[in-house]
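Chemist:
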Amino acid sequence: MSRFSSFVLAAAGLLAASVAAAQQRGYGIGHKITDAQIAPWNIDIGGEDGKGLPPGKGSVAQGEKLFIEQCASCHGEFGEGNGRWPELMGGQGTLKDADPRKTIGSFWPWAPTIFDYVRRTMPFTAPQSLSNDETYAIVAYLLNINDLLPADGVLDAKSLAAIKMPNRDGFIVGDPRPDVKAEPCMKDCKQGQVKVLSDLAKSLGVTPDQKPKD
Amino acid sequence: MPPDSQKGESMNTGRRGFFGRGLAVGGIAALAVQHPKIAAASGGLDGKPLEVPDWTKMLGPGVTAAPYGSPSEFEKNVVRRNVPWLTVSEQASINFTPLHELDGIITPSGLCFERHHGGVPAIEPDLHRLVIHGMVRQPLVFTMSDLVRFPSVSRIHFLECPANGGMEWKGAQMAGVQFSHGMVHCCEWTGVRLSTLLDEAGVATGAKWLLAEGADAAAMTRSIPLDKALDDVIVAYSQNGERIRPEQGYPLRLIVPGWEGNVQVKWLRRIKLGDRPWQHREETSKYTDLMPDGKARQFTFVQEANSVITAPCPEKPLQAKGAYEVRGIAWSGRGKISRVDVSLDGGANWQSAELQTPVLDKCLTRFRLPWRWQGEPVFLQSRAIDETGYVQPTIEQLRHVRGVNSVYHKNSIHTWRVNQDGSIDNVQIL
Numbered sequence: 492m493s494r495f496s497s498f499v500l501a502a503a504g505l506l507a508a509s510v511a512a513a514q515q516r517g518y519g520i521g522h523k524i525t526d527a528q529i530a531p532w533n534i535d536i537g538g539e540d541g542k543g544l545p546p547g548k549g550s551v552a553q554g555e556k557l558f559i560e561q562c563a564s565c566h567g568e569f570g571e572g573n574g575r576w577p578e579l580m581g582g583q584g585t586l587k588d589a590d591p592r593k594t595i596g597s598f599w600p601w602a603p604t605i606f607d608y609v610r611r612t613m614p615f616t617a618p619q620s621l622s623n624d625e626t627y628a629i630v631a632y633l634l635n636i637n638d639l640l641p642a643d644g645v646l647d648a649k650s651l652a653a654i655k656m657p658n659r660d661g662f663i664v665g666d667p668r669p670d671v672k673a674e675p676c677m678k679d680c681k682q683g684q685v686k687v688l689s690d691l692a693k694s695l696g697v698t699p700d701q702k703p704k705d
Numbered sequence: 486m487p488p489d490s491q492k493g494e495s496m497n498t499g500r501r502g503f504f505g506r507g508l509a510v511g512g513i514a515a516l517a518v519q520h521p522k523i524a525a526a527s528g529g530l531d532g533k534p535l536e537v538p539d540w541t542k543m544l545g546p547g548v549t550a551a552p553y554g555s556p557s558e559f560e561k562n563v564v565r566r567n568v569p570w571l572t573v574s575e576q577a578s579i580n581f582t583p584l585h586e587l588d589g590i591i592t593p594s595g596l597c598f599e600r601h602h603g604g605v606p607a608i609e610p611d612l613h614r615l616v617i618h619g620m621v622r623q624p625l626v627f628t629m630s631d632l633v634r635f636p637s638v639s640r641i642h643f644l645e646c647p648a649n650g651g652m653e654w655k656g657a658q659m660a661g662v663q664f665s666h667g668m669v670h671c672c673e674w675t676g677v678r679l680s681t682l683l684d685e686a687g688v689a690t691g692a693k694w695l696l697a698e699g700a701d702a703a704a705m706t707r708s709i710p711l712d713k714a715l716d717d718v719i720v721a722y723s724q725n726g727e728r729i730r731p732e733q734g735y736p737l738r739l740i741v742p743g744w745e746g747n748v749q750v751k752w753l754r755r756i757k758l759g760d761r762p763w764q765h766r767e768e769t770s771k772y773t774d775l776m777p778d779g780k781a782r783q784f785t786f787v788q789e790a791n792s793v794i795t796a797p798c799p800e801k802p803l804q805a806k807g808a809y810e811v812r813g814i815a816w817s818g819r820g821k822i823s824r825v826d827v828s829l830d831g832g833a834n835w836q837s838a839e840l841q842t843p844v845l846d847k848c849l850t851r852f853r854l855p856w857r858w859q860g861e862p863v864f865l866q867s868r869a870i871d872e873t874g875y876v877q878p879t880i881e882q883l884r885h886v887r888g889v890n891s892v893y894h895k896n897s898i899h900t901w902r903v904n905q906d907g908s909i910d911n912v913q914i915l
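Chain order of the listed sequences is G and S.
Under our numbering, the first residue of the first sequence carries the number 492, and numbering increases by one thereafter.
Under our numbering, the first residue of the second sequence carries the number 486, and numbering increases by one thereafter.
(1) Say whether chain S places a C-beta atom closer than 7 Å to the C-beta of residue 522 of chain G.
(2) Taking the alpha-carbon of residue 747 of chain S as reference, which of S:571, S:625, S:769, S:634 has the nearest alpha-carbon?
(3) For the beta strand (DSSP E) holding residue 782 of chain S, just list the boundary residues, first then last.
(4) With a CB to CB cut of under 8 Å and the five nearest residues on each side skipped, what residues in its chain are close to residue 905 of chain S?
(5) With burial defined as no fewer than 16 other Cβ atoms inside 10 Å of the residue's Cβ, what is the status of residue 519 of chain G: buried or exposed?
(6) Are the C-beta atoms of residue 629 of chain G and some chain S residue less than 7 Å apart?
(7) Using a Cβ-Cβ cutoff of 9 Å, what residues of the segment 657-688 of chain S are near chain G? List them in chain order.
(8) Any beta-carbon of chain S closer than 7 Å to the one on residue 636 of chain G?
(9) Using the Cα positions of residue 884 of chain S and residue 611 of chain S, report the straight-line distance between them to the nearest angstrom.
(10) Can you give me the C-alpha to C-alpha distance between residue 825 of chain S and residue 682 of chain S, rounded to a whole angstrom?
(11) Drop a sphere of 10 angstroms on the beta-carbon of residue 598 of chain S, count the other beta-carbons inside from all chains shown, and report buried for 16 or more, exposed for fewer.
(12) Hey, is residue 626 of chain G's beta-carbon within less than 7 Å of any beta-carbon in chain S?
(13) Taking DSSP as the reference, what is the three-state secondary structure of residue 509 of chain G?
(14) Taking the continuous alpha helix (DSSP H) assigned at residue 875 of chain S, which residues delimit it?
(15) With a cut-off of 7 Å, does the C-beta of residue 959 of chain S fall near any C-beta of chain G?
(16) Show which residues of chain S have a CB atom less than 7 Å away from the CB atom of residue 689 of chain G.
(17) Quick one: what's got a C-beta closer than 7 Å to residue 729 of chain S's C-beta in the same chain, skipping five residues either side?
(18) Closer than 6 Å by C-beta to residue 765 of chain S: which residues in its own chain qualify, once you throw out the five before and the five after it? Chain order, please.
(19) What are the uninterrupted segments assigned as beta strand (DSSP E) that are 3 or more residues long and contained completely in the segment 820-873 of chain S, given in chain order?
(20) Please state whether DSSP places residue 714 of chain S in a helix, a strand or coil.
(21) Can you give me, in chain order, the residues of the segment 778-806 of chain S that have a beta carbon less than 8 Å from any beta carbon in chain G?
(22) Cβ of residue 658 of chain S within 7 Å of Cβ of residue 631 of chain G?
(23) For residue 598 of chain G, return the contacting residues in chain S, with the cut-off set at a CB-CB distance below 7 Å.
(24) So what's residue 800 of chain S in DSSP terms, helix, strand or just coil?
(25) If the cut-off is 9 Å on Cβ atoms, which residues from the segment 592-610 of chain S count as contacting chain G, listed in chain order?
(26) Within the 7 Å Cβ cut-off, does residue 625 of chain S reach chain G?
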């Protein structure tokens, strides 16, 4: 075969390859995967509509038992928070206070989000160890201690998505910033002496020492 | 002990140490203990002739004595630190970049602040997968070796936790720049554009948001608008030229330039496309900004322009009167820094500092200003202005609009008070 004809053949091969590439989108890197294959990772719940909430159910009573066994060591038996671990109840009406308490009951806008969060990351030392029924039960108990579900209540996908959280309308969606407009003044921008508002940093004693951690 | 006998002894053990013991226990550590004269040498400051130190008169370790190099033994104080009272667990916690020890704009990978919600997972890269699904034409799964085959991009960007400075809404509290501003770092990130991967899967009509999810024990999730994802987001596998450090998301993380650190999901395992945000815990209960009227701003993604003077600072007081260089860093999530002004009198008068070039988009920018300190009390401030014309505000201006309980996005002008003894205090002034 002459060099010329082998060149023609090679060029034809390249052409065929580029036609194939054009038919297939992008770079053709990666592998197809089915929903069934993704299922063990596909754990996200839509907060607004409960999309993705699994079958199953749990009662407040079952949740209380599970909560005391698996959650109370950090969060307290009634969700009041043990020491500095997060409190999960109360705080309603405090969001304008000097010391607002942002809990599930006072702050969280969407109930299905509780299921999502508990299932994906709790208990803290054993995440993704709860069954769906157990998760529903714990969420039921959390809603109960926030006066959002009666003591004999049972929770499933439909009833959880139907719960309206007290602070649902408490969020401003979208970013209003820049909300502060400063001027880049260069000369004589202030009159009089500097007034110190706060200078306790050195004496508060809350700054860690600067020695390396061994 | 006379210097000569000390030197002779040191030379002796030094040779043996290097060729014998040194090889067994690690050359650098062995060498460090062979220099007992370091503290004793006056180095010409006492009017006497300079001495030739031991390290000039003996061989040091050879190549590959440290196959992966480390900082000098004498830089042990240059480390990340956490604030134990800030969080109840070290697995769901944060530490701080030692900004006072750093120069230039690149943060060494091992000094980048860490924020974890469930500790650092030890992910085997061969077993790691990235799934893209939801509102796409074809759900896909990628291996790490798949991802590195795509056309790559490298960008230098700052990454800042939106809680940076959040301990100081009510007043100056932290006696050091590491703790007042250390939730920021700046690295070169290499990876594949997220838009390339989304194009590969095919974005379905109606998709407007995506959910990014980590493979850590918190399975951290955040919703990100598709517009941003298609603009400049990177699925990164390298940091400062090498594979990403475990604490920063090994083997794969999102880089979302200019936006708050929390959305730049580490240990990235899954991206799901949808038509609305997921309203997950980290975008409702956390990372929302509570205003004085009790309402909380949600999806406040951008890190607005910020700056701080890193020299001098509480950790680096002035030693004597005379010439210094005021140095610091500025950054903006909206683009390039266009100017940084420095005030020596608490904001009455300002002068523009020199900016280290190149000035990059959404990147730390180093500023410098020569200064001669005569021993007087000084109120040092820096003020960043970005290419959109945004001017870094004062703490009073921020508090006037947002109150003191919004936790996140405090980017006010910072004040160091230089005292007559050269010590530096963190203060807030009017």
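Glycine included, every Cβ here is placed at the ideal spot set by N, Cα and C.
These figures come from a predicted structure and were not determined experimentally.
Modeler: Concretely, from the data shown:
(1) On the first sequence, position 31 is the one that residue 522 of chain G refers to. So yes, residue 522 of chain G belongs to the interface.
(2) Residue numbering aside, residue 747 of chain S sits at position 262 when the second sequence is read from its first letter. The option with the nearest alpha carbon to residue 747 of chain S is S:769.
(3) Taking the first residue of the second sequence as position 1, residue 782 of chain S is located at position 297. Element bounds for residue 782 of chain S: 781-783.
(4) One-based indexing of the second sequence puts residue 905 of chain S at position 420. Cβ neighbours of residue 905 of chain S beyond the five flanking positions: 860, 861, 862.
(5) Position 28 of the first sequence, counted from the first residue, corresponds to residue 519 of chain G. Classification for residue 519 of chain G: exposed.
(6) The count along the first sequence starts at 1 and reaches residue 629 of chain G at position 138. With 7 Å as the cut-off, residue 629 of chain G does not count as an interface residue toward chain S.
(7) 657, 658, 659, 660, 661, 663, 664, 665, 681, 682, 684, 685, 686, 687
(8) Taking the first residue of the first sequence as 1, we reach residue 636 of chain G at position 145. Closer than 7 Å: no.
(9) Position 399 of the second sequence holds residue 884 of chain S. Position 126 of the second sequence holds residue 611 of chain S. Cα to Cα, the separation comes out at about 49 Å.
(10) Your numbering for residue 825 of chain S matches position 340 in the second sequence. Your numbering for residue 682 of chain S matches position 197 in the second sequence. One C-alpha to the other measures close to 38 Å.
(11) Within the second sequence, numbered from 1, the residue matching residue 598 of chain S stands at position 113. Buried is the call here.
(12) Taking the first sequence and counting its residues from 1, the one referred to as residue 626 of chain G is at position 135. With 7 Å as the cut-off, residue 626 of chain G does not count as an interface residue toward chain S.
(13) If you number the first sequence from 1, residue 509 of chain G lands on position 18. For residue 509 of chain G, the predicted model reports a pLDDT of 48, less than 50, meaning its position is unreliable; a value from the coordinates is still stated below. Reduced to three states, the DSSP call for residue 509 of chain G is helix.
(14) Translated into the one-based positions of the second sequence, residue 875 of chain S becomes position 390. Run containing residue 875 of chain S: none; DSSP gives neither H nor E here.
(15) Here chain S covers residues 486 to 915 and nothing more, so residue 959 of chain S does not appear.
(16) Here residue 689 of chain G refers to the residue found at position 198 of the first sequence. Those within 7 Å of residue 689 of chain G in chain S are 656, 657, 912, 913.
(17) Working through the second sequence from its first residue, we reach residue 729 of chain S at position 244. Excluding sequence neighbours, residue 729 of chain S sits near 721, 722, 723, 735, 736, 738.
(18) Residue numbering aside, residue 765 of chain S sits at position 280 when the second sequence is read from its first letter. Only 706 meet the Cβ criterion.
(19) 822-828, 850-858, 863-871
(20) Mapped onto the second sequence, residue 714 of chain S falls at position 229. The answer is helix: DSSP assigns residue 714 of chain S an H, G or I state.
(21) 778, 779, 780, 781, 782, 783, 784, 785, 786, 787, 789, 799, 800
(22) Walking along the second sequence from the start, residue 658 of chain S turns up at place 173. Walking along the first sequence from the start, residue 631 of chain G turns up at place 140. Contact: no.
(23) Here residue 598 of chain G is taken as the residue at index 107 of the first sequence, counted from 1. Under the 7 Å cutoff, chain S gives 770.
(24) Numbered from 1 along the second sequence, position 315 holds the residue referred to as residue 800 of chain S. When secondary structure is reduced to three states using DSSP, residue 800 of chain S falls in the coil class, being assigned neither helix nor strand.
(25) 602, 603
(26) Position 140 of the second sequence, counted from the start, is the residue given in the question as residue 625 of chain S. At a cut-off of 7 Å between C-beta atoms, residue 625 of chain S counts as an interface residue with respect to chain G.
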